[in-house]
Structures are given as C-alpha cells and as structure tokens.
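S.K.: Let me begin by handing over the structure; questions about it come next.
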Amino acid sequence: MTAPQARPDLDGPLSPHVRRHLAGVAGYRPALQPGPRAIKLNANEGAYPPGPGVAQALAGLEAAVLQRYPDPLATGFREAAARLHGVDPDQIMATNGGDELLRLTFATFVDPGRTVGLIEPSYGVYATLAGLHGARTCPIALRNDWSLPEDTADRWNDVGAQLAILTNPHAPSGLLTSAATIERMARRFRGVLLVDEAYVDFVDPALKHDLVPLTAQLPNLLLLRSLSKGYSLAGLRAGYAIGPKSLIAPMSGKTRDSYNLDVIAQILGKAALEDQQYAQRLARHVRTERRHLAERLERIGFDVPASQANFVHALRQDGLSALPLLRGLQDQGIHVRWFDHPRCQSGLRISIGTSEETEILLATLRDLMA
Ligand SMILES: *Cc1c(COP(=O)(O)O)cnc(C)c1O
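Going from the sequence shown to the numbering used here is simple: count from 1 and add 126.
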C-alpha cells in the first residue's frame, strides 16, 4: 500500500501569526506524486513527453539566458499564442500555469466579501482561492446529466456575483458545453465569466468548438488556457488568458507579478505553441484512446459520461463507493483520482495514458470488480 503523501504544510498546526480567516480555508490537495515506476493516471498530465519543438528549444538553452530578468510581457510567447488564435497580442496574457490566472481573476475582479459564481462539482482550486480572498461562493449544482441548469447566470446575478468560473470541458465529467450556451450565459451574466479551458485541446475538431471569436464581442468573457495538458508541459508551469483588452490590461498591468513567466517557460512555451503538429498528434491519441477506454469500462460495470477531455469519469453502475477500487489500484502501483463529493463517490477519474497503461489499468480493474 502506498503511504499517503505526507504534507506537513497542509496538515500541521497553525501558527497564531496566520491571518484568522485562513483557519477556515482548506488548502488544495493536489494529486499524489508516486514514484517513477508507477502508472500515473491521476493528474491528467500528457501520456507522452513534450514534442520535438520543445526538446530542440531545451537543448539550445544556455545558462547565460538566466542572467537577466525575463521579458516582463513575455512578448514572443504572447505573439505565438496570438498567431495561433488569430487575435491581437494585447488580447493575450501569459501566466505561470493556468492556476496563476485563476488567482489573478480574483485579485482583479472580486471585492473581498463579494461573491464568485461556481458550478459544482468542479475544480477544487476555485473554492480554495475564494476562501483565501475572503470571497463568498455561489455554487450551482449541475443537473443529473452534468449539464448546466438553465437559470445559472440568473442565480449568480441574484447574489451579485462579480466573477463566475465555468470549466469547459467540465472536470470531472468531461462534458462539453456548447459555444452557443456559453454565449447566452455570458450575455446574461453581469460579472466576468471565466471559462476554464484547461482541457479544450482534446475536443473533437469535428465539433468546431471555438470560443475565441466570442471574446471579440463580449466585454466580460475571459478564457483560460494551459500548456500542462494539451502540450504535456505540466512541469513547466505555463498558461495564458485570452480576452478583451479591457479585462487583460488591468490584470497584466496591476495584479500580475512583473516577471510571472520565467525565461525558460517563455522560450519552451513558445516552442510548444509553434509545434502544432505534435500537439495535434497528442490530441488524436487522446481522442482514440478515450473512446476505447470508455467502451471497455462500460463492459466491466461502469457508466462513462461522454468526455471531450483527456480523462474519463467512470461511475460504478452498482452505485457503490469506488474508494476500495482506488485503493486496490494503488496497491498495484496504478494511480487514478477519486473525489469526496456526493456526485463522485462511485466514480474514478482516469487520465488517458498510453495504450499499454490502459491495458494494465483495465485488467487490474476487471479483477478488482470481480
Ligand atoms: C489543470 C487545470 C488547470 C490549470 O493547470 P495549470 O497546470 O496551472 O496550467 C486549470 N483548471 C483545471 C480545471 C485544470 O484541470
């Protein structure tokens, strides 16, 4: 049995010097980092290493690039993202992972004591950030099919939410909400709508899903992008925002650290964005493999909502807790994710790995289910 990861920073006693409201904030508990021999399908990282564009840029780095501060505006990185999306570089802000952008949206658009609209279940970092910021949350429960209730924006408006965050494709279900629905919500909602698109690189291109054009029409729509998933660069910490200049400028000019993206992340991130051929190969693998995985999970006793992300959420058809399965897999060195939420207790969130990893996972799960 793998020992639970010791986290004295999360579990230790709280010094009396710590601000009072932090006593009520549970730190975000990220996925376990097992040893190198484990099968790691618990944090939706890429199944394969970063591509040749990144490898080449990395090989070309010299220690001397670290002597000076990085470009505070990450110009090369932003221009590469702007070219990719067909927008102006001023509509892009580079961030230290998508998570930094989440923090900046709170710091820029939410007055302490005011409210942030969420959906639930969703990414736990949102609620943690709200707690740190001293903001209230208004979580709207998803419907049984994981879709958004029709009146979501109205309910956020009723509590005066200044910011709302939508994960799309959703985690942990993988469900994609259409651009038309999001446009309708953004037009109704009176605050800033941040659409967290950490998993959008895995959406089937046949759906032609693209929210970027909407950011030119809607003054309150911001998109979050991450290089962690779609470009297999979780270790680099690079992401970016796409949005109207009126929302990008105050974050870039006021709340962001001047040098938020280090020089290596700027160079490698730009190389990754410019190697779309490899990114598309990674995405194709995910789309093929997630279909296989879902079909075979259904055959051994799971319901699997249709995922457009690089993971599937496998829910036991018998409705029993999936916690024993999580533990059983862990004993075999296979790591997936389980969430302690009423909608998720019978579920395992499984990242799309290599085909070999899928085979081992399925064989082990089948034995555990028998
Ligand atoms: C992974 C993820 C992010 C951002 O991750 P970074 O590694 O900080 O770029 C944001 N939102 C969701 C829902 C994620 O899963």
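Cβ coordinates follow ideal geometry from the N, Cα and C atoms, glycine included.
Closest by CA to ARG111, which one among TRP272, PRO175, LYS380?
M.R.: Here the chain covers residues 127 to 496 and nothing more, so residue 111 does not appear.
S.K.: With 16 as the cutoff for other CB atoms within 10 Å, does ARG145 come out buried or exposed?
M.R.: Exposed, by the Cβ-count rule.
S.K.: Is THR293 near ligand 1, judged by its Cβ being under 7 Å from some heavy atom?
M.R.: Yes; taking the cut-off as 7 Å, the Cβ of THR293 has a heavy atom of ligand 1 nearer than that.
S.K.: Suppose contacts are defined by Cβ-Cβ distances below 8 Å. Is SER354 in contact with GLY179 by that definition?
M.R.: No.
S.K.: Mark VAL213 as exposed unless 16 or more other C-beta atoms lie within 10 angstroms of its C-beta, in which case mark it buried.
M.R.: It counts as buried.
S.K.: Using the C-alpha atoms, what's the distance from HIS411 back to GLU421?
M.R.: Near 16 Å, if we compare the C-alpha coordinates of HIS411 and GLU421.
S.K.: Let me check understanding here. Comparing Cα to Cα, which of ALA267, HIS143, ALA233 lies closest to ILE245?
M.R.: Closest by alpha carbon: ALA267.
S.K.: Determine the DSSP secondary structure at ALA256, reduced to helix, strand or coil.
M.R.: DSSP places ALA256 in helix when its eight states are reduced to three.
S.K.: What separation, rounded to the nearest whole angstrom, lies between the Cα atoms of ARG121 and HIS439?
M.R.: Given a span of 127 to 496 for the chain in the structure shown, any question on residue 121 remains unanswerable.
S.K.: Going by the C-beta, is TYR249 closer than 7 Å to any heavy atom of ligand 1?
M.R.: For ligand 1, at least one heavy atom lies less than 7 Å from the Cβ of TYR249.
S.K.: What are the partner residues of PRO265, as DSSP defines its beta bridges?
M.R.: DSSP output for PRO265 lists LEU244 as bridge partner(s).
S.K.: Based on DSSP bridge pairs, tell me the residues matched to HIS461.
M.R.: DSSP lists LYS166 as partners of HIS461.
S.K.: Starting from ASP336 and walking both ways along the beta strand (DSSP E), at which residues does that stretch end?
M.R.: Taken as a continuous stretch (DSSP letters only), ASP336 belongs to no beta strand (DSSP E), as it is neither H nor E.
S.K.: Rounded to the nearest angstrom, how far is the Cβ of ILE460 from that of LEU487, given a contact under 8 Å?
M.R.: The Cβ separation is near 6 Å, so the contact holds.
S.K.: Who pairs with PHE315 in a beta bridge, going by DSSP?
M.R.: DSSP, once it has assigned bridges, lists no residue as partnering PHE315.
S.K.: Using alpha carbons as the reference points, say which of THR484, ARG469, GLY427, THR414 lies closest to PRO247.
M.R.: It is ARG469 whose Cα lies nearest to the Cα of PRO247.
S.K.: Are the beta-carbon atoms of ARG417 and PHE428 separated by less than 8 Å?
M.R.: No; because the gap between Cβ atoms is not below 8 Å, this pair is not in contact.
S.K.: So does ASP383 have its beta carbon nearer than 7 Å to some heavy atom of ligand 1?
M.R.: No, Cβ of ASP383 sits at least 7 Å from all heavy atoms of ligand 1.
S.K.: For the beta strand (DSSP E) holding VAL438, just list the boundary residues, first then last.
M.R.: That run of the beta strand (DSSP E) goes 437 to 442.
S.K.: So which of ILE393, VAL321, SER299, GLN402 has the shortest CA-CA distance to GLU309?
M.R.: Among ILE393, VAL321, SER299, GLN402, the Cα nearest to that of GLU309 is on VAL321.
S.K.: To the nearest angstrom, how far is it from the Cα of ALA129 to the Cα of LEU350?
M.R.: The predicted model places ALA129 with a pLDDT of 49, which falls under 50 and marks its position as unreliable, so this point remains unresolved.
S.K.: Which whole-angstrom value describes the C-beta separation of TYR154 and GLY260, a residue pair presumed to lie in contact below a C-beta threshold of 8 Å?
M.R.: Between GLY260 and TYR154 the Cβ distance is about 17 Å, and since that is not below 8 Å, they are no contact.
S.K.: Report yes if the C-beta of ASP322 is less than 7 Å from at least one heavy atom of ligand 1; otherwise report no.
M.R.: The answer is yes for ASP322.
S.K.: Since SER352 is in the beta strand (DSSP E), which residue starts that stretch and which ends it?
M.R.: From DSSP, the beta strand (DSSP E) with SER352 extends over 347 to 352.
S.K.: Is LEU350 near ligand 1 - that is, is its Cβ less than 7 Å away from at least one heavy atom of it?
M.R.: Yes.
S.K.: Quick check on GLN182: buried or exposed, where buried means 16 or more other Cβ atoms within 10 Å of its Cβ?
M.R.: Per the 10 Å Cβ criterion, exposed.
S.K.: Just curious, the beta strand (DSSP E) that LEU289 is in, first and last residue?
M.R.: Segment 289 to 293, the beta strand (DSSP E) holding LEU289.
S.K.: Just checking GLY499 against ligand 1 - is the residue's beta carbon closer than 7 Å to any of the ligand's heavy atoms?
M.R.: Residue 499 lies beyond the residue range present for the chain, which begins at 127 and ends at 496; the question has no answer from this structure.
S.K.: Cα separation between VAL318 and ASN283?
M.R.: Rounded to whole angstroms, VAL318 to ASN283 spans 11 Å at the Cα level.
S.K.: Identify which residue in LYS396, ASP383, TYR357, THR480 has its Cα closest to the Cα of VAL326.
M.R.: Selected option, being the one with the closest Cα: TYR357.
S.K.: Does the CB of TYR249 have a neighbour CB from chain C at under 8 Å?
M.R.: Looking for chain C here will not work: only one protein chain is present.
S.K.: Span of the alpha helix (DSSP H) holding TYR404?
M.R.: 402 to 425 is the extent of the alpha helix (DSSP H) around TYR404.
S.K.: How close, in whole Å, do the beta carbons of SER433 and GLN471 come, if the pair is a contact with beta carbons under 8 Å?
M.R.: Wrong, their Cβ atoms sit about 19 Å apart, outside the cutoff.
S.K.: If you reduce the DSSP assignment to three classes, tell me which class ILE374 lands in.
M.R.: ILE374 falls in the helix class under three-state DSSP.
S.K.: Using only alpha-carbon positions, find the residue among ALA312, ARG382, LEU227, GLY202 that is nearest to ASP110.
M.R.: Since the first residue shown for the chain is 127 and the last is 496, residue 110 is missing from the structure and cannot be characterised.
S.K.: Indicate, with yes or no, if ligand 1 has a heavy atom lying under 7 Å from the CB of LYS396.
M.R.: Outside the cutoff, so no.
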